[in-house]
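Visitor:
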DNA sequence: TTCCGGCCCT
DNA sequence: AGGGCCGGAA
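Residue numbers (the working numbering): 13 to 284.
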């Protein structure tokens with residue numbers, strides 16, 4: 013069964029429609045589910061690393077970094093004890109470098125307060141730095157195969173596509189209700205893998221349904237932005253930590269007052 | 001040039 | 001509630 017064989021939108025209130033939905037998703041997964049390295053492990057630390065990397069970075073790019081990273085930093089203790097600069101050097105290329113700081117702070121807390129074992133409660137995980145509802149839930153479900161309710165971008169796309177037809181500015185709360193009502197509680201890990209794979213497929217051959225989400229926002233241009241300068245400055249700094257402001261400006265071809273601004277921001281955030 | 005993505009801070 | 005963060009693919 014595929015999505016072209018059922019009338020859309022499906023009604024979340026209809027048992028028959030929910031059943032159809034389940035079959036469409038699982039049939040696609042059986043045929044075309046992705047075999048990703050962080051799906052082959054039950055090691056909560058490995059899953060923790062993958063979830064942080066996948067927060068704002070596409071699978072293809074994470075694939076190039078994940079294996080090497082967990083080899084270099086094999087557990088929470090190693091990550092906690094490593095210098096931030098060294099962790100950043102293996103992170104470099106993934107973007108959103110603040111995630112490195114959050115990861116290290118998580119590692120410290122998990123090592124010192126939780127005996128090096130990833131907590132198994134969504135509430136506890138949500139209180140850790142850099143971990144919000146989606147990541148906390150994903151960690152519990154993928155590490156411990158326990159049913160939780162969450163959405164990320166692929167899941168959001170799937171539910172908008174099947175249950176919200178032409179709906180505009182759909183709030184996440186409504187999508188979460190659908191996720192909860194269709195969750196396969198007997199096999200949550202596989203169910204969420206299947207949802208995400210279907211969502212990835214959906215975006216390949218039709219307009220992205222996520223623009224109909226209330227949380228969708230158009231981004232400001234990257235070229236010339238402060239984010240771009242930050243990225244360049246940090247990259248240079250990771251390679252040569254002791255460069256002066258003027259040297260950094262020269263190497264990044266950026267006005268030194270912009271470099272100075274970025275440096276003080278990075279310092280405030282704990283990068284240097 | 002446009003697009004994507006979850007968390008934190010304001 | 002809204003803005004900022006990254007780098008690479010399309």
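For glycine and all other residues, C-beta sits at the position ideal for the given N, C-alpha and C. Please read all numbers here as calculations on a predicted model, not as lab measurements.
#1: Below 7 Å CB to CB, which residues in the same chain sit around residue 45 once its five sequence neighbours on both sides are set aside?
#2: Per DSSP, residue 225 is paired with what?
#3: Note the first and the last residue of the continuous alpha helix (DSSP H) segment covering residue 264.
#4: So, with DSSP's three-state summary, where would you put residue 108?
#5: Can you tell me which of the three DSSP states residue 55 falls into?
#6: Is the Cβ-Cβ distance between residue 163 and residue 182 less than 8 Å?
#7: Sort 269, 241, 156 by Cα distance to residue 233 and report the nearest one.
#8: As an exercise, report each continuous alpha helix (DSSP H) stretch of at least 4 residues that is fully enclosed by the segment 112-182, in chain order.
#9: Do residue 245 and residue 214 count as a contact pair if the criterion is CB distance below 8 Å?
#10: Does the distance from the CB of residue 122 to the CB of residue 88 come in under 8 Å?
#11: When the Cα atoms are used, what is the spatial distance from residue 104 to residue 160?
#12: For the segment 123-132 and the segment 41-61, state whether three or more C-beta atom pairs, one from each stretch, are separated by less than 8 Å.
#13: Measuring CB to CB, does residue 177 end up less than 8 Å from residue 21?
#14: To the nearest angstrom, report how far apart residue 137 and residue 111 are at their CA atoms.
#15: Do residue 152 and residue 158 have their C-beta atoms closer together than 8 Å?
#16: Relative to the alpha-carbon of residue 254, which residue among 31, 273, 262, 284 has its alpha-carbon at the smallest distance?
#17: Classify residue 267 as buried or exposed, calling it buried when 16 or more other Cβ atoms lie within 10 Å of its own Cβ.
#18: Let me make sure I understand the geometry here. Which of 63, 33, 180 has the alpha-carbon closest to that of residue 203?
#19: Which of the three DSSP states, helix, strand or coil, is assigned to residue 243?
#20: Which one of 256, 281, 282 has the shortest CA to CA distance from residue 272?
#21: Which one of 265, 80, 169, 243 has the shortest CA to CA distance from residue 226?
#22: Classify residue 198 as buried or exposed, calling it buried when 16 or more other Cβ atoms lie within 10 Å of its own Cβ.
#23: Can you tell which of 61, 50, 132 has the C-alpha that lies nearest to the C-alpha of residue 106?
#24: Distance, Cα to Cα, residue 98 vs residue 77?
#25: Which residues in the same chain as residue 156 place their Cβ atom closer than 8 Å to its Cβ, once the five residues preceding and following it in sequence are excluded?
#26: Since residue 254 is in the alpha helix (DSSP H), which residue starts that stretch and which ends it?
#27: Within this structure, are the beta carbons of residue 30 and residue 194 separated by less than 8 Å?
#28: DSSP three-state call for residue 192: helix, strand or coil?
#29: Checking 8 Å against the spacing of the C-beta atoms, do residue 114 and residue 141 come in under that value?
Guide: A quick look at the data gives this:
#1: The residues are 205, 206, 209.
#2: Bridge partners of residue 225 according to DSSP: 182.
#3: Taken as a continuous stretch (DSSP letters only), the alpha helix (DSSP H) holding residue 264 covers 257-264.
#4: Under the three-state reduction of DSSP, residue 108 is assigned to coil, being neither helix nor strand.
#5: Looking at residue 55 - three-state DSSP - the assignment turns out to be coil, as it is neither helix nor strand.
#6: Against a cut-off of 8 Å, the Cβ pair of residue 182 and residue 163 comes out as no contact.
#7: In terms of CA proximity to residue 233, 241 leads the group 269, 241, 156.
#8: You should have 134-138, 145-156, 165-175.
#9: Taking 8 Å as the cut-off, the beta carbon of residue 214 is found no closer than this to the beta carbon of residue 245.
#10: The answer is yes: Cβ separation under 8 Å.
#11: Going by the C-alpha atoms only, they are around 32 Å apart.
#12: Cβ pair count under 8 Å is three or more, so yes.
#13: Taking 8 Å as the Cβ cut-off, residue 177 and residue 21 qualify as a contacting pair.
#14: Taking the straight line joining both Cα atoms gives about 15 Å.
#15: It is a contact, given that the beta carbons lie within the stated cut-off.
#16: The shortest Cα separation from residue 254 among 31, 273, 262, 284 belongs to 284.
#17: Taking all protein chains in view, the Cβ of residue 267 is surrounded by fewer than 16 other Cβ atoms within 10 Å, so the residue is classified as exposed.
#18: Closest in C-alpha terms to residue 203, from the list 63, 33, 180, comes 33.
#19: Residue state, collapsed to three classes: helix.
#20: Residue 272 has its Cα closest to that of 256, out of 256, 281, 282.
#21: Cα-wise, what sits closest to residue 226 is 169.
#22: Taking all protein chains shown into account, residue 198 has fewer than 16 neighbouring C-beta atoms within 10 Å of its C-beta and is therefore exposed.
#23: Among 61, 50, 132, the Cα nearest to that of residue 106 is on 61.
#24: Each residue's alpha carbon lies about 14 Å from the other.
#25: So the list reads 56, 132, once near-sequence residues are dropped.
#26: For residue 254, no alpha helix (DSSP H) encloses it, and the DSSP letter there is neither H nor E.
#27: Taking 8 Å as the Cβ cut-off, residue 30 and residue 194 qualify as a contacting pair.
#28: Residue 192: helix per DSSP, three-state reduction.
#29: Taking 8 Å as the Cβ cut-off, residue 114 and residue 141 qualify as a contacting pair.
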